[in-house]
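Accompanying notes for the structure given below.
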Amino acid sequence: MTLWGYEARRTGWAAVLGPPLAVALGAAAALAHPEPSDTTIARILLGGLEMAVPLAAAVVCSSLIGRDPARELQLAAPTPYRVTLLRRMAVVVGWAAVVATLTAAALIVTGWWARWPQSHGALAGQLTWLAPTVGLSGLGFAAGAVLRSPAAAGAIVTTVWAVQQFFAGAVQQHLPGRLLYLFATTRGATPGDWTANRLTLLGVGAVLIAFALVLLGRRPERLISEEDE
Amino acid sequence: MTAFGASLRYEFRMQVRKRSVWIVPALTLVLFVLIGGSLLRDLFDPGERPLDPRTAVAGLAVQLHALLSIGFGCLLADRLVRDDRLGVAPVLDATPASPAARLSGKYLGAAAATAVPIAVAYFGFAAAYAIDTGRPVAMAWATAAFGVVIVPGLLLVAAFALAVPMIMPAPLFRVLFVGYWLWGNLVPPETMPTLSRTLFHPLGGYPLDALFDFHGIDGEDTWAGPIAGATWNVLRPAPTPALAWLSIALLLTVSAAALAGGHALRVRRIR
Amino acid sequence: MRIEISGLTKTYRGGVHAVDGLDLDIPTGMFGLLGANGAGKTTLMRILAGIVRPSSGRVVVGGHDITSGPGRTAVQRELGYLPQDLGVYPDLTARRFLDYVALLKGMDDRPARRRRVGELLEVVALTEHADRRLRGFSGGMRQRVGIAQALLADPRLLIVDEPTAGLDPEERIRFRTLLSQFAGRRTVLLSTHIVDDIGQTCREVAVLAKGRLIFRGSVDELTRRAQGRVWSVVTDGPAPAGGTVVSALPHDGGMRYRMVAAAAPDPQARQLEPTLEDGYLTVTAAGREPASRSGTPG
Numbered sequence: 001m002t003l004w005g006y007e008a009r010r011t012g013w014a015a016v017l018g019p020p021l022a023v024a025l026g027a028a029a030a031l032a033h034p035e036p037s038d039t040t041i042a043r044i045l046l047g048g049l050e051m052a053v054p055l056a057a058a059v060v061c062s063s064l065i066g067r068d069p070a071r072e073l074q075l076a077a078p079t080p081y082r083v084t085l086l087r088r089m090a091v092v093v094g095w096a097a098v099v100a101t102l103t104a105a106a107l108i109v110t111g112w113w114a115r116w117p118q119s120h121g122a123l124a125g126q127l128t129w130l131a132p133t134v135g136l137s138g139l140g141f142a143a144g145a146v147l148r149s150p151a152a153a154g155a156i157v158t159t160v161w162a163v164q165q166f167f168a169g170a171v172q173q174h175l176p177g178r179l180l181y182l183f184a185t186t187r188g189a190t191p192g193d194w195t196a197n198r199l200t201l202l203g204v205g206a207v208l209i210a211f212a213l214v215l216l217g218r219r220p221e222r223l224i225s226e227e228d229e
Numbered sequence: 001m002t003a004f005g006a007s008l009r010y011e012f013r014m015q016v017r018k019r020s021v022w023i024v025p026a027l028t029l030v031l032f033v034l035i036g037g038s039l040l041r042d043l044f045d046p047g048e049r050p051l052d053p054r055t056a057v058a059g060l061a062v063q064l065h066a067l068l069s070i071g072f073g074c075l076l077a078d079r080l081v082r083d084d085r086l087g088v089a090p091v092l093d094a095t096p097a098s099p100a101a102r103l104s105g106k107y108l109g110a111a112a113a114t115a116v117p118i119a120v121a122y123f124g125f126a127a128a129y130a131i132d133t134g135r136p137v138a139m140a141w142a143t144a145a146f147g148v149v150i151v152p153g154l155l156l157v158a159a160f161a162l163a164v165p166m167i168m169p170a171p172l173f174r175v176l177f178v179g180y181w182l183w184g185n186l187v188p189p190e191t192m193p194t195l196s197r198t199l200f201h202p203l204g205g206y207p208l209d210a211l212f213d214f215h216g217i218d219g220e221d222t223w224a225g226p227i228a229g230a231t232w233n234v235l236r237p238a239p240t241p242a243l244a245w246l247s248i249a250l251l252l253t254v255s256a257a258a259l260a261g262g263h264a265l266r267v268r269r270i271r
Numbered sequence: 001m002r003i004e005i006s007g008l009t010k011t012y013r014g015g016v017h018a019v020d021g022l023d024l025d026i027p028t029g030m031f032g033l034l035g036a037n038g039a040g041k042t043t044l045m046r047i048l049a050g051i052v053r054p055s056s057g058r059v060v061v062g063g064h065d066i067t068s069g070p071g072r073t074a075v076q077r078e079l080g081y082l083p084q085d086l087g088v089y090p091d092l093t094a095r096r097f098l099d100y101v102a103l104l105k106g107m108d109d110r111p112a113r114r115r116r117v118g119e120l121l122e123v124v125a126l127t128e129h130a131d132r133r134l135r136g137f138s139g140g141m142r143q144r145v146g147i148a149q150a151l152l153a154d155p156r157l158l159i160v161d162e163p164t165a166g167l168d169p170e171e172r173i174r175f176r177t178l179l180s181q182f183a184g185r186r187t188v189l190l191s192t193h194i195v196d197d198i199g200q201t202c203r204e205v206a207v208l209a210k211g212r213l214i215f216r217g218s219v220d221e222l223t224r225r226a227q228g229r230v231w232s233v234v235t236d237g238p239a240p241a242g243g244t245v246v247s248a249l250p251h252d253g254g255m256r257y258r259m260v261a262a263a264a265p266d267p268q269a270r271q272l273e274p275t276l277e278d279g280y281l282t283v284t285a286a287g288r289e290p291a292s293r294s295g296t297p298g
């Protein structure tokens, strides 16, 4: 087995099952609609990609730090532990990307992708899931690095996600809120902001990941103990 | 002291001193205030706030319950499996204390501790509203709303948060839980089959409607009862006070069943 | 691989001085580290392993300054480390776990890695359990996996914290021998509460108390510290005051106590030849004596 193989194994079942389960739940929600129209079904299917897949990936990313039983061995190894954690995060996001890309391809081929008027082309349209996945996963990883508690970091990710669901209108009243809104494709208030929104989410995700890496490198001994259990 | 009492006190103390139990709701409230459009700000705006203190504190209960319960559930999601992970379980299992009593103590202790910041936030905002409007009766309504709307919902969330990670990884539970919370509370019943507005509504639609006469901040919404064209309307009888108490009893029964299921699983595993 | 420590201090949040102005030279070969719980041994070992950053002071390991990032990485390439609380991945087999740790240590050549893992499984007598998941391993078996992973990259510096905890007597002796054989031209830093393990394997020893060095010298000299201070007392009642009880054995309806005390704790007390354990107790009882230096750092 390669190092990547071992790290993939460390991410656990939640990382493996989360994204396909997210897509399946999105599809089930589309099928369950009592008065389906093509637009509504297409919106729910794209919503699965834009809402559920990022959530699944981000919650797993938020639990990467703080529960590693061999962390003391990891910290004494010449391979920096933060690189190992980054590798695990790449596996989680990578697997979510595989599932999302295959789903998007299926939606494009079957024509459902284009039936949602606010969808974008086959290539740029992949930002539908990629931007919120990177943004929210970056938040989860950074929260994990700060709090060293998967429970707390996971709570922050799910809460941010839920606030944007519950208060979609209020969140998007101002430009900063619109730029940081995770669901701009399927619930976006201003379609013109879409590209800026996607790039902002990617940028914020990258900044948060970089912040987490700096923090993990500065005081690695914080990682020896779990959060105040 | 009984096993139940000892376990409850220990779990409460251990959980309440965790930073994350306070940080997560605090950040949620900050986010909530920042986005605007919520009652947290409107309560103190004479032009926006509800005049009736009962409506004000019921609306506050709905908003805080809907949002803070997510962090509450996520924070509790590993409390039962944690004992096994840290190797404490065999030590506790070797004591003469009944496992059921220990589990009940752990459940109520951890849930109560994690609910403390929610209670502080809720009663804090209610008290500020009562002082700002000169209507102390708001505190009485707040106490009632906390007891019959927030507490049953939190007990349900806590029971599932403890039990479900016995059969799936805690991160997966967190994903499914937030999905359920959105689906079971806020999805309009006419768009898909949902527990929203049913007797199993964890946000407490029946108590809100029948016991608090709450119909939204503007008085234009309904929170329980049948919806034309929706599936599962059989679970949405027209709200009455009796049905409100039945709804609370159902939530508590489902909580107990979930907890019993988690307990049975654990017992089977250690045998 | 020589270790030079000067003015080393580690202060944790809340102002706890885990290591407090430590000066210590550790030569090549086996070196023992003794001290009560909370003496700062684990913190010192974690600093040497590059896990914990010192608050101040200088630590040079084999010519590399471990307060710098590149120095730390250079030391970690030469390091084998067995922590006190060894955590493993329970879902991996022993073979896979060792293979993974070898990869983390930069052993990229697959056939060489497999060969090395196989050799070490043999050394720690786990070959027949190699393909079992670690979840089902006993404490002793797990500890042997820990020992194997520490030796993986043929380290020039081996740091082992309580390595024989959980091992049965035969395994303990076996492991001690293994460490002694391994030491040769390498440095092995052995921290333990089992004083006998130090006596059987190390020529040099340091004793820490409250983060400070209270003894540094040869094992023989540590033993001699108790010369004239070890007593045997037989009594019907409790042990007499004024000394530290080393052992208590039932004797003719009463008790025979072995005690360490500056003066005879009882008029009938009989003087005994000291052991290393008596020496350790003498030094720790003296507590805050200034560090004694004898023995020649190599």
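Listed in order, the protein sequences are those of chains A, S and D.
First residue of the first sequence: 1, per UniProt numbering; consecutive thereafter.
First residue of the second sequence: 1, per UniProt numbering; consecutive thereafter.
First residue of the third sequence: 1, per UniProt numbering; consecutive thereafter.
Every residue, glycine too, gets a C-beta built ideally from N, C-alpha and C.
So who's on the other strand from ARG133 (chain D), going by DSSP bridges? D:THR93
Going along the chain, which residues of the stretch 55-80 of chain D sit with their C-beta nearer than 8 Å to a C-beta in chain A? THR73, GLN76, ARG77, LEU79
Rounded Cβ spacing between THR275 (chain D) and THR223 (chain D) (contact assumed at less than 8 Å): Confirmed, Cβ separation roughly 7 Å.
Within 8 Å, strictly: CB atoms of TRP141 (chain S) and ARG79 (chain S): no
Quick one: measure Cβ to Cβ for ALA121 (chain S) and LEU29 (chain S), integer angstroms, because I've assumed they're closer than 8 Å. 6 Å
Interfacial residues, the stretch 98-113 of chain D to chain A, with Cβ spacing under 8 Å: ASP99, TYR100, VAL101, LEU103, LEU104, LYS105, GLY106
Quick check on PRO220 (chain A) - is its C-beta less than 8 Å from some C-beta in chain D? It does; some Cβ of chain D falls within 8 Å.
I want to verify the contact list: residues of chain A whose CB lies under 7 Å from the CB of SER20 (chain S), in sequence order. By Cβ distance, chain A contributes LEU147, SER149, ALA151, ALA152, GLU227.
Three-state secondary structure assigned by DSSP to HIS201 (chain S): coil
According to the neighbour-count rule (16 or more other Cβ atoms, all chains shown, within 10 Å of its Cβ), is GLU48 (chain S) buried or exposed? exposed
Mind pulling the alpha helix (DSSP H) runs of 4 or more residues that sit fully within the stretch 18-92 of chain D? Taking only runs of at least 4 residues, the alpha helix (DSSP H) segments lying wholly in the stretch 18-92 of chain D are 41-48, 69-77.
Suppose you measure from the CA of TRP4 (chain A) to the CA of ASP68 (chain A); what does that come to, to the nearest Å? 16 Å
By the 10 Å Cβ neighbour count, where 16 or more other Cβ atoms means buried, how is GLU35 (chain A) classified, buried or exposed? exposed
Can you find a CB in chain S that lies within less than 8 Å of the CB of PHE167 (chain A)? yes
How should PRO265 (chain D) be labelled, buried or exposed, when 16 other C-beta atoms within 10 angstroms of its C-beta is the threshold for buried? buried
Name the chain A residues that come within less than 8 Å of ASP78 (chain S), Cβ to Cβ? PRO150, ALA151
Span of the beta strand (DSSP E) around TRP22 (chain S): TRP22 (chain S) -> not in any beta strand (DSSP E); alpha helix (DSSP H) instead, spanning 19-35.
Which residues of chain D have a Cβ atom closer than 8 Å to the Cβ of LEU3 (chain A), listed in chain order? Near LEU3 (chain A) (Cβ distances below 8 Å), the residues of chain D are TYR100, LEU103, LEU104.
Considering only DSSP beta bridges, list what SER6 (chain D) is partnered with. D:ARG58
Assign TRP231 (chain D) to one of three DSSP states: helix, strand, or coil. strand
Which residues bound the alpha helix (DSSP H) around ARG216 (chain D)? Per DSSP, ARG216 (chain D) belongs to no alpha helix (DSSP H); it is in the beta strand (DSSP E), 212-218.
Kindly give me the distance between the Cβ atoms of THR201 (chain D) and LEU179 (chain D), rounded to whole angstroms, as I take these residues to be in contact under 8 Å. Contact holds; Cβ gap of about 6 Å.
Nearest to ALA187 (chain S) by CA position, among A:GLN165, A:SER149, A:LEU49, is which residue? Before going on, a small fix: residue 187 (chain S) reads as Val here, not Ala. Considering only alpha carbons, the answer is A:GLN165.
Which residue's Cα is closest to the Cα of ALA122 (chain A): A:THR103, A:LEU31, A:GLY154, A:PRO132? A:THR103
Proximity to ARG135 (chain D) [Cα-Cα], best of D:ARG96, D:PRO27, D:ARG186: If we check each option's Cα against that of ARG135 (chain D), D:ARG96 comes out closest.
Under 9 Å by beta carbon: chain S residues contacting HIS33 (chain A): Within chain S, the residues whose beta carbon sits less than 9 Å from that of HIS33 (chain A) are THR191, MET192, listed in sequence order.
Per DSSP, cross-strand counterpart(s) of PRO250 (chain D): D:MET255
Are ALA155 (chain A) and GLY71 (chain S) closer than 8 Å when you measure CB to CB? yes
Output needed in chain order: residues of the stretch 6-31 of chain D with a Cβ under 7 Å from some Cβ in chain A. none
For LYS10 (chain D), which of D:LEU34, D:MET30, D:GLY253, D:GLY40 has the nearest alpha-carbon? D:GLY40
So, ALA206 (chain D) versus LEU86 (chain D), is the Cβ gap smaller than 8 Å? no
May I ask you to report which of helix, strand or coil DSSP gives TYR12 (chain D)? strand
Please classify GLY228 (chain D) as buried or exposed, where buried requires at least 16 neighbouring CB atoms within 10 angstroms. exposed
Taking Cβ-Cβ distances shorter than 9 Å, what residues in chain D pair up with GLU72 (chain A)? ARG46, ALA49, ILE51, TYR81, PRO83, GLN84, ASP85, LEU86, GLY87
Please list the partners that GLN268 (chain D) has in chain A, where partner means a Cβ-to-Cβ separation under 8 Å. Neighbours of GLN268 (chain D) on chain A: none; closest Cβ ~50 Å, over 8 Å.
How about the stretch 12-32 of chain D and the stretch 69-86 of chain D: do they share at least three Cβ pairs that are nearer than 8 Å? no
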